[in-house]
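Worksheet: the structure to be examined is printed underneath.
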Ligand SMILES: Cc1cc2nc3c(=O)[nH]c(=O)nc-3n(C[C@H](O)[C@H](O)[C@H](O)COP(=O)(O)OP(=O)(O)OC[C@H]3O[C@@H](n4cnc5c(N)ncnc54)[C@H](O)[C@@H]3O)c2cc1C
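Residue numbers (the working numbering), protein chains in the order written: chain A, 1 to 390; chain B, 1001 to 1382.
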């Protein structure tokens, strides 16, 4: 057992830190926070990462990835979070791209991967349906072959960023005669296709991210199918574990905890700093202890991955605990804000603590982290079944 | 010993429940909350007509002379309907201060107007730095011979935007966090030197930051004793804490019912999700949490209505209640969203809105951590 970084690792870390000094500045941060900027701050950030060759660390080198070791990826993630730079949206880079380079045709790889790297194409994930959430395999959106095109009819829901997307990757039903997991096909669908309607869904955090996407006789060329017809479930499932490790957000929680400690140092309660309040200290410490454990759980999962196993079922543990810690951290932040956590930013000027509104937004959106990516209840079912053998 | 409502209380409960049922669905509620004043004047007039605004006031001022249980009954139903109309701010805070500490003239001039639904009031007590410390007051009322001149800023004033009149806490002597030296003043919200910035909170209520620039008040605008306002403030706020706790219990009950119902109808894996034991146990926890909170609520109101109860016992009961309201509120709100899945995070469903009100109730007048420390100090000191 050894968790020390090698000399090369330390040199790599210096490189990452140096890059972030110019690639993620206060100005970039301000742009990200500007509600008018929409996705532009993220697109610009992706472009800076791409220019450095670091946008797609997990991809094979031949498609534009890096050949980072697991330790290097870990170092990058840690430094990125410490600098306050956001994680890039996962839909293109961490979800559809691995499906394309693992199961796609050469033609598909050449057509889609470069445009993902250059941020020309934005992707969204069309899995969930009104009747198919945790029970994803019960999905009903239908695709029927008509010549060399599929005709797609149905509804997807909770589609994050569909409003920005050029493409949507979908699981659709092509056969309903057998097991529900059989008969699912993986399609890449151009969002500009006639027959697609995107309806916004308002959420409790007040920021527009979710949509309903309706398909009315949408024609999709067969060449946009990944792999074989009716085999889509296998392709999708293989990558769900990656999604879960990404959701854990361990390094970001570490940064947020540091921020909260600073805020509590400045917040005054009855003439003294909130940070000196024993009850607050106890809660902060409890969260930090969970996080310390989680940091090593993540390292253990990464180490296992480096040896070629996983991320397997342990990714459920990481997802459950990671999102629980995130929610505890979000809870602490709104509690520091006190009354001002209720203030809705943009309503008027200088009202109280400037961080209150952002704290509430993060807290509200954070409720979803235990629901998406396979809900925490479903992760516990998986763990009980496949880890404990129950 | 019994925990039954009187016939009159049962009728009161039913009349509010009927109003919510017939005239206050979620759409109507949102329309009221997003209107310019943050509530519906028409609804307010109905509350007056039905006599709800008179409940806590003494009979000699035209009130109903209600007990803590009566107020509890009202608040629980208002919670269940997620009613955004400023009953707490106008009737319980502003009206409560006048009822308990106002001069005969102040009562005569204002209480009947509140009961008639013609006067909106607010209590400006919070300041930017004060967090939950009611004595952390920088606003100053400087004596000038005949009266006082007020300077300072109050934040998050409930109903501050719509209020016709305000009661403001200000320092007439003493240092920033001292309990002694705080005085209360009653003034027109339109008085010269008052500026308001209105904004909304997450639970839909319209509040305001209010600045006082050389606002002149006369000695007869003092509410209660000079320098001795802290006691009056805490007396009234303790009652309000119990009232919003009753509101919270109404919300918890509603969220629990909604969630249980949803899990009976939502199907995944070809069965209702309510058939999964993992979820059943969590709904049982929600149920137990709500019942335990209700027990502390009854404990508090019974002690408040008991003439022979010890003041320290009452305070302990109130602190314990507010701690549990905060903790269980978070549990029930969070679980309600979780068990609704992605539906739970939509703005269209009322679940998130109930949750936000529970969060504001936790924060209001001191959150669970804060109240628990007060509880510890009270119970563990000699
Ligand atoms: C913010 C957000 C963004 C999203 N983005 C996307 C996206 O971009 N693309 C996409 O396709 N989907 C997206 N989703 C959808 C997400 O994947 C689903 O919400 C998730 O799969 C859960 O499904 P559901 O919401 O229908 O809840 P349900 O499946 O109805 O679950 C309701 C409750 O029942 C519990 N439950 C269900 N089954 C079991 C069981 N067997 N045992 C115990 N408990 C159970 C759940 O844990 C949950 O608490 C997003 C969701 C959210 C909230």
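Virtual Cβ for every residue (Gly too), placed ideally from N, Cα, C.
Residue range of the unbroken beta strand (DSSP E) whose run includes residue i
i                      : result
residue 129 (chain A)  : Segment: none, residue 129 (chain A) is in no beta strand (DSSP E) and carries neither H nor E.
residue 173 (chain A)  : 167-173
residue 1334 (chain B) : Counting along the chain, residue 1334 (chain B) falls outside any beta strand (DSSP E), though it belongs to the alpha helix (DSSP H) covering 1311-1339.
residue 65 (chain A)   : Counting along the chain, residue 65 (chain A) falls outside any beta strand (DSSP E), and DSSP gives it neither H nor E.
residue 1153 (chain B) : 1147-1158
residue 1345 (chain B) : From DSSP, residue 1345 (chain B) is part of no beta strand (DSSP E); its letter is neither H nor E.
residue 1121 (chain B) : 1121-1124
According to DSSP, residues forming a beta bridge with residue i
i                      : result
residue 149 (chain A)  : A:146 and A:221
residue 269 (chain A)  : A:272
residue 1195 (chain B) : B:1211
residue 330 (chain A)  : Per DSSP, none; premise fails for residue 330 (chain A).
residue 211 (chain A)  : A:200
residue 1218 (chain B) : B:1147
residue 1140 (chain B) : B:1151 and B:1171
residue 1185 (chain B) : B:1168 and B:1222
residue 1267 (chain B) : B:1272
residue 1228 (chain B) : B:1182
Residues that residue i contacts on chain A, provided the C-beta gap is smaller than 8 Å
i                      : result
residue 1379 (chain B) : By Cβ distance, chain A contributes nothing, its closest Cβ being about 15 Å from residue 1379 (chain B), past 8 Å.
residue 1234 (chain B) : Chain A residues near residue 1234 (chain B): none, gap ~14 Å exceeds 8 Å.
residue 1166 (chain B) : Simply none; closest approach about 18 Å.
Identity of the residue in the options nearest residue i by Cα
i                      : options                           : result
residue 125 (chain A)  : A:198, A:12, A:5 and A:92         : A:92
residue 1369 (chain B) : B:1270, B:1218, B:1313 and B:1131 : B:1131
residue 1322 (chain B) : B:1190, B:1243 and B:1233         : B:1243
residue 1184 (chain B) : B:1234, B:1085, B:1304 and B:1170 : B:1170
residue 285 (chain A)  : A:296, A:303 and A:329            : A:329
residue 105 (chain A)  : A:362, A:299, A:223 and A:214     : A:223
residue 1104 (chain B) : B:1116, B:1253, B:1060 and B:1303 : B:1060
residue 1076 (chain B) : B:1241, B:1334 and B:1316         : B:1241
residue 136 (chain A)  : A:49, A:374 and A:362             : A:374
residue 1361 (chain B) : B:1047, B:1205 and B:1110         : B:1205
residue 1052 (chain B) : B:1012, B:1023 and B:1371         : B:1012
residue 192 (chain A)  : A:218, A:182, A:115 and A:201     : A:218
residue 5 (chain A)    : A:70, A:282 and A:371             : A:70
C-beta atoms of residue i and residue j nearer than 8 Å
i                      : j                      : result
residue 430 (chain A)  : residue 294 (chain A)  : With chain A running from 1 to 390 in the structure shown, residue 430 (chain A) is simply not present.
residue 1247 (chain B) : residue 1079 (chain B) : yes
residue 1124 (chain B) : residue 1154 (chain B) : yes
residue 1147 (chain B) : residue 1216 (chain B) : yes
residue 1288 (chain B) : residue 1259 (chain B) : no
residue 12 (chain A)   : residue 110 (chain A)  : no
residue 1292 (chain B) : residue 1324 (chain B) : yes
residue 157 (chain A)  : residue 130 (chain A)  : yes
residue 949 (chain B)  : residue 1054 (chain B) : This structure leaves residue 949 (chain B) out entirely; chain B is present only between 1001 and 1382.
residue 1255 (chain B) : residue 1351 (chain B) : yes
residue 139 (chain A)  : residue 204 (chain A)  : no
residue 255 (chain A)  : residue 81 (chain A)   : yes
residue 1086 (chain B) : residue 1158 (chain B) : yes
residue 84 (chain A)   : residue 29 (chain A)   : yes
residue 38 (chain A)   : residue 1177 (chain B) : no
residue 1201 (chain B) : residue 1165 (chain B) : no
residue 143 (chain A)  : residue 187 (chain A)  : yes
residue 253 (chain A)  : residue 291 (chain A)  : yes
residue 121 (chain A)  : residue 166 (chain A)  : yes
residue 1317 (chain B) : residue 1299 (chain B) : yes
Beta-carbon neighbours of residue i, restricted to chain A and to distances below 9 Å
i                      : result
residue 1131 (chain B) : 267, 268, 269, 270, 274, 338 and 339
residue 1203 (chain B) : 342
residue 1278 (chain B) : 377, 380 and 381
Host alpha helix (DSSP H) of residue i (start-end)
i                      : result
residue 100 (chain A)  : 97-103
residue 1101 (chain B) : 1095-1101
residue 188 (chain A)  : First-last for residue 188 (chain A): 184-190, but that is the beta strand (DSSP E), not the alpha helix (DSSP H).
residue 1285 (chain B) : 1277-1305
residue 114 (chain A)  : 106-117
residue 1108 (chain B) : 1104-1115
residue 1030 (chain B) : 1026-1034
Cross-chain neighbours of residue i in chain B, by beta carbon under 8 Å
i                     : result
residue 158 (chain A) : 1342
residue 335 (chain A) : 1367 and 1369
9 Å Cβ cut-off: residues of chain B touching residue i
i                     : result
residue 375 (chain A) : 1338 and 1341
Contact list for residue i against chain A, beta-carbon separation under 7 Å
i                      : result
residue 1269 (chain B) : 135
Taking a cut of 7 Å between CB atoms, which residues from the region 1345-1368 of chain B lie near chain D? The chain inventory of the structure shown lacks chain D, comprising the protein chains A and B.
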